[in-house]
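Q: The number in our numbering is simply the position in the sequence shown, starting from 1, with 56 added. Ideal Cβ positions, reconstructed from N, Cα and C, are used throughout, including at glycine. On a predicted model such as this, the values are computed, not experimentally measured, just so you know. Below are the structure tokens for one structure; questions will follow.
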Amino acid sequence: MTALPDWQSESMPPSQAARRPAPGFREFIQILTDRGNLVRVTEPVHWQYDLGRRTRAAGRPILFENIEDYPGSRVFANGLWSPGAIRLALGLGFDMPREAFLAEARKRIAHPIPPRVIESGPVLENILEGDAVNLLDLPVPQWHDRDAGRYLGTWHLNITRDPETGARNVGVYRMQLLGPRQATVSTSQRSHLALQMAGAERAGQPLPMAVVIGVSEPLLMAAAAGFPGGMDELELAGGLLQQPVEVIRSQPNGLELPAQAEIAIEGVILPGVRVQDGPYFDYAGTPSTNSRALLFEAQRLLFRSNPIFRGASVGMPGAEDHQLLAFLAGMNLVNFHGSASRRVMQNLLFRTRHFSALQWVDRINRKTLMRFLRKPA
Ligand SMILES: Cc1cc2nc3c(=O)[nH]c(=O)nc-3n(C[C@H](O)[C@H](O)[C@H](O)COP(=O)(O)O)c2cc1C
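In structure tokens form, the structure reads like this:
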């Protein structure tokens, strides 16, 4: 193990560490390697079940370098495997005390930084269009034997613009691969994406979307956070990163994409079409199905040379989605949509790491409601 560069030093005072920008995706993997945190898997691993099983068993950052059927491909997971990892991903000391860390994160969120448009970036190194696009060429894992299929989107960004207001939305909405150019987008009915899609459908238009995989972790943190009042998640990511997110403007649909991303898939969500997503082993640790998922059709595939696919195996106690949601709940930034009281409940349950309880609370609520509705007046 090499000596830690000073900015990774665990004894560095928070004020000093806070001045360092957060690492990019590959830089983060390098930091984990240098710290001795990364498990490198060089023996063959199958993308179906095997990769997911190994990810869950490792319980720490893992890089698969030998995936059956995908010579030369790599998959990274478990990046945010512990609260300390979240600090590292933000350029802070691994052992920074919780209160100081949350204060620093809140300060960064309060100072958003707009993205900077640049002319070119690594994501443009390879471009495939139309019939040349085949999402099955990516080493997309089937994470769990209870999942209906391979999940293209588990730790990624969905970038869209509101067709009526032009406002950007960046979220994380799970995506099941359905074929060479099609995937589901499973989104709650009240998410910003669902609202934008409703606008597109009113106009009878498809909604352009970019799916971005393999980005600096703070981008994902911003996308997963539920900010009140339509804030631009790329600006918030800039705040978390302490520097602007560099973006390139996509030619076909005008969406801006993080220039340093490993993989970006551009396409459209088709109007008036709903498909089944799942069952999928979700954050609550149980298989869930969405019978009204949206349908995404890919048109262009952009990727860095030798890209690293990023995914997550979610729902196990302590898994990285739980770490992320607990961190966001610590700042009251979890919003799985619904009433104000539901939001308070979500943040409380996630902060105290009762992830499966949310579904029980919902079920009990539904049962109580049904009983109430059935009561004769
Ligand atoms: C790993 C992960 C997976 C998620 N998957 C979904 C999903 O499939 N559907 C969904 O509606 N929200 C999902 N979320 C939650 C949304 O990303 C979150 O509610 C976000 O605030 C949505 O953005 P919006 O409020 O702009 O719609 C997920 C969050 C994480 C961290």
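Using the Cα positions of histidine 410 and arginine 130, report the straight-line distance between them to the nearest angstrom.
A: Against the sequence shown, residue 410 aligns to sequence position 354. Against the sequence shown, residue 130 aligns to sequence position 74. About 33 Å.
Q: Hey, is tyrosine 105 close to ligand 1, as in C-beta under 7 Å from one of its heavy atoms?
A: Locating residue 105 in the sequence shown gives position 49, where the first residue counts as 1. Flag unset: Cβ of tyrosine 105 not near ligand 1.
Q: With distance defined between alpha-carbon atoms, name the residue in Ile215, Val173, Val95 and Gly374 nearest to isoleucine 321.
A: Stepping through the sequence shown from its first residue, residue 321 is reached at position 265. Nearest option by C-alpha distance: Ile215.
Q: Determine the closest residue to leucine 208 out of Val226, Arg217, Gly186 and Pro236, with distance taken between C-alpha atoms.
A: As a first step, residue 208 is located in the sequence shown; it is residue number 152 there, counting from the start. Selected option, being the one with the closest Cα: Pro236.
Q: In chain order, what are the residue ranges of uninterrupted beta strand (DSSP E) at least 3 long that sit wholly in the segment 220-268?
A: Complete beta strand (DSSP E) runs here, min 3: 224-227 and 238-241.
Q: List in chain order: all unbroken beta strand (DSSP E) runs of 3+ residues lying wholly within the segment 133-170.
A: Qualifying beta strand (DSSP E) stretches: none in this window.
Q: Suppose contacts are defined by Cβ-Cβ distances below 8 Å. Is glycine 255 in contact with proline 327 by that definition?
A: Sequence index remark: in the sequence shown, residue 255 carries index 199 (1-based). Sequence index remark: in the sequence shown, residue 327 carries index 271 (1-based). No, Cβ-Cβ distance for glycine 255 and proline 327 is not below 8 Å.
Q: Classify proline 308 as buried or exposed, calling it buried when 16 or more other Cβ atoms lie within 10 Å of its own Cβ.
A: The residue labelled residue 308 in the question sits at position 252 within the sequence shown. Proline 308 should be labelled exposed.
Q: Terminal residues of the continuous alpha helix (DSSP H) containing valine 400?
A: Working through the sequence shown from its first residue, we reach residue 400 at position 344. Segment 396-407, the alpha helix (DSSP H) holding valine 400.
Q: Identify the continuous beta strand (DSSP E) that holds histidine 212 and give its terminal residues.
A: Along the sequence shown, read from residue 1 onward, the residue named residue 212 stands at position 156. Here the beta strand (DSSP E) through histidine 212 covers 212-217.
Q: Verify whether the separation of the beta carbon atoms of valine 14 and isoleucine 304 is less than 8 Å.
A: The chain is shown from 57 up to 433; residue 14 falls before or after that span and cannot be answered.
Q: Which same chain residues end up closer than 6 Å to glycine 386 when comparing Cβ atoms and leaving out the 5 residues on each side of it in sequence?
A: If you number the sequence shown from 1, residue 386 lands on position 330. Here the set comprises Leu158 and Arg407.
Q: Tell me the residue span of the alpha helix (DSSP H) that contains arginine 305.
A: Within the sequence shown, the letter at position 249 stands for residue 305. Where arginine 305 is concerned, there is no enclosing alpha helix (DSSP H), although the beta strand (DSSP E) it sits in stretches over 302-305.
Q: Among residues of its own chain, excluding the 5 on either side of leucine 184, which ones have a beta-carbon nearer than 6 Å to its beta-carbon?
A: To locate residue 184, count along the sequence shown from 1; it is residue 128. Closer than 6 Å at the Cβ level, and outside the excluded window around leucine 184, lie Leu357.
Q: Can the beta-carbon of glutamate 353 be found less than 8 Å from the beta-carbon of alanine 145?
A: Here residue 353 refers to the residue found at position 297 when the sequence shown is read from its first residue. Here residue 145 refers to the residue found at position 89 when the sequence shown is read from its first residue. Cβ atoms of glutamate 353 and alanine 145: not closer than 8 Å.
Q: So glycine 345 is in the beta strand (DSSP E); what residue range does that whole segment cover?
A: On the sequence shown, position 289 is the one that residue 345 refers to. The residue asked about is misnamed: residue 345 is threonine in this sequence, not glycine. Per DSSP, threonine 345 belongs to the beta strand (DSSP E) from 343-359.
Q: Between His102, Leu94 and Ala279, which has its C-alpha nearest asparagine 122's C-alpha?
A: Indexing the sequence shown from 1 puts residue 122 at position 66. Checking every option, the nearest Cα to that of asparagine 122 belongs to His102.
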